[in-house]
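Numbering (our numbering), first residue to last: 228 to 460.
Note that the Cβ used here is the ideal one computed from N, Cα and C, for glycine as well.
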Amino acid sequence: MRTVLTENREFGGKNAPLKLREVKGAKSITVRITHEGVVVTKPRWVGRKQVETFLKENNGWLEIQVAKWEEQVAETLSDQVLYLGQVYSIRRATSGPVRLAGSEFWAVGSTPQERLKNVMDWMLRRSRQTIRQTVARWAPELKVATKRVSIRDQVSRWGSCSVDGSLSFNWRLVMAPPEVLEYIVIHELAHVREHNHSKRFWSLVARFCPDYELFEKWLDDHNDRIMLTGRGK
Ligand SMILES: [Zn+2]
228 MRTVLTENRE FGGKNAPLKL REVKGAKSIT VRITHEGVVV TKPRWVGRKQ VETFLKENNG
288 WLEIQVAKWE EQVAETLSDQ VLYLGQVYSI RRATSGPVRL AGSEFWAVGS TPQERLKNVM
348 DWMLRRSRQT IRQTVARWAP ELKVATKRVS IRDQVSRWGS CSVDGSLSFN WRLVMAPPEV
408 LEYIVIHELA HVREHNHSKR FWSLVARFCP DYELFEKWLD DHNDRIMLTG RGK
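Written out as structure tokens, the structure is:
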């Protein structure tokens with residue numbers, strides 16, 4: 228799969244990112260709305276002109292979907308945030324660093340966006356610590372020597388393992404329940420031993436995380452909400 232175009236497009240007066248991807252073996256043009264926006268995939272032999280015709284033909288549907296998409300972005304921009312799998316309200320503090328009290332975050336900032344940004348910075352620091360600790364705890368269990376562990380903001384993945392065994396994690400995992408974060412750590416550590424999604428890989432994961440299917444489902448269900456947090460205008 229190769230992204231051949233990324234741009235902002237207007238659909239019925241609303242802007243959304245449009246991504247065009249070339250997929251090996253694809254038979255026709257398809258369109259989906261994801262947390263990334265409008266994602267169009269096409270076979271290699273289909274030209275740009277045909278894609279534009281396809282978009283025109285589906286314009287009515289796209290306008291409705293993009294309007295819904297924008298609403299969802301706005302919702303995640305509001306005064307609530309997921310942390311460790313729970314919803315927290317963000318309240319306006321007059322001073323001081325971000326505080327967590329009961330089911331509320333208190334943060335300074337004159338707009339909901341500013342306050343959310345401050346809470347996200349706070350969560351990012353927590354996340355680094357939590358992910359590194361979790362890796363350190365599970366690596367010996369899986370008999371894996373870890374090299375580099377990096378924690379970043381990724382739009383489309385929770386974690387990855389490179390051929391040389393460097394691991395990278397999406398800091399947004401701290402928005403998921405701790406057991407889900409733990410599962411992703413186990414998943415990536417297992418990749419150091421098995422660089423694929425073979426039966427052997429999954430049975431290795433299951434040995435340390437028998438409920439991994441539930442956690443995969445949780446991530447699927449909450450993917451958009453988590454990935455969209457703080458990304459609106
Ligand atoms: Zn994997």
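Could you pull out every residue in the same chain whose Cβ sits closer than 8 Å to the Cβ of residue i, ignoring the five residues on either side in sequence?
| i | result |
| --- | --- |
| V412 | I358, T361, V362, W365, G386, F396 |
| V314 | Q307, V308, S330 |
| F435 | W365, E368, L369, I413, A417 |
| V231 | L247, R248, E249 |
Output needed for residue i: all residues of its chain with C-beta closer than 6 Å, excluding positions within five of it in sequence on either side, in chain order.
| i | result |
| --- | --- |
| R236 | L245 |
| K460 | For K460, the pLDDT reaches just 46, beneath the cut-off of 50, and the residue's location in the model is therefore unreliable, leaving the point undetermined. |
| G264 | A243, P244 |
Decide if residue i is buried, meaning its Cβ has at least 16 other Cβ atoms within 10 Å, or exposed.
| i | result |
| --- | --- |
| A372 | exposed |
| S354 | buried |
| W333 | buried |
| N423 | exposed |
| E440 | exposed |
| M228 | exposed |
| R427 | exposed |
| A403 | buried |
Do residue j and residue i have their beta-carbon atoms positioned less than 8 Å apart in this structure?
| i | j | result |
| --- | --- | --- |
| R271 | E249 | yes |
| F238 | V293 | yes |
| V419 | G392 | yes |
| Q356 | D451 | no |
| V401 | M350 | yes |
| V258 | N286 | no |
| V267 | I256 | yes |
| R319 | R342 | yes |
For ligand 1, I want to know if residue i counts as a neighbour, meaning its beta carbon is within less than 7 Å of at least one of the ligand's heavy atoms.
| i | result |
| --- | --- |
| H414 | yes |
| H424 | yes |
| H418 | yes |
Beta-carbon within less than 7 Å of residue i's beta-carbon, same chain only, minus the 5 sequence neighbours each way: which residues are those?
| i | result |
| --- | --- |
| F442 | E406, V407, Y410 |
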